[in-house]
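Here this note's numbering runs 9 ahead of the position in the sequence shown, where the first position is 1.
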Amino acid sequence: MNTDELAAAARKAAESSYSPYSHFRVGAVVVSANGEIFTGANIENAAYPVSSCAEATAINTAVSQGIRKIASVAVACIDADDVEGAYPCGHCRQTMSEFGVEKVIVTAGDGSVVREHTLDELLPHRFSL
Ligand SMILES: [Zn+2]
């Protein structure tokens, strides 16, 4: 899938969001280093810290199926009402680092803008062992 196709797939994944509290539907698509595709959506909980971001859901799905190297992650919030879209939180950026993500694709709420970043841009000087 190319960048625009990944962004569209992330927007589609957001439709499966469970977000009754924020009404902020987010979807993510993970592309493993060997080209496998995994999707995820945010899953909220009445106890907010228990919630899971879309990126974390997708990455956890991939890793639980044996993936250890991820090439890229696309994320979309279909309820964001600006062109910035929803950038991954710090927790998700660190999770991306753990599995070697190189490219992060972020889309605007309406899909009109698609941006590509390296993980180094989004999480410089990150922690690693
Ligand atoms: Zn997150």
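The C-beta atom is built at its ideal place from N, Cα and C for all residues, glycine as well.
- In this chain, K78 is not harboured by any beta strand (DSSP E), its DSSP state being neither H nor E.
- Using a C-beta cut-off of 8 angstroms, the segment 72 to 82 makes no contact with the segment 24 to 35, since fewer than three inter-stretch Cβ pairs fall below that distance.
- A Cβ closer than 7 angstroms to some heavy atom of ligand 1 marks a residue here, and those residues are C62, E64, A65, P97, C98, H100 and C101.
- DSSP places R124 inside the beta strand (DSSP E), whose first and last residues are V123 to T127.
- The three-state reading of DSSP puts G94 in coil, since its state is none of H, G, I, E or B.
- Within the same chain, Cβ atoms closer than 8 angstroms to the Cβ of Y96 are found at V84, V115 and L131, the five residues on either side in sequence being excluded.
- Per DSSP, S41 is one residue of the beta strand (DSSP E) stretching across V35 to S41.
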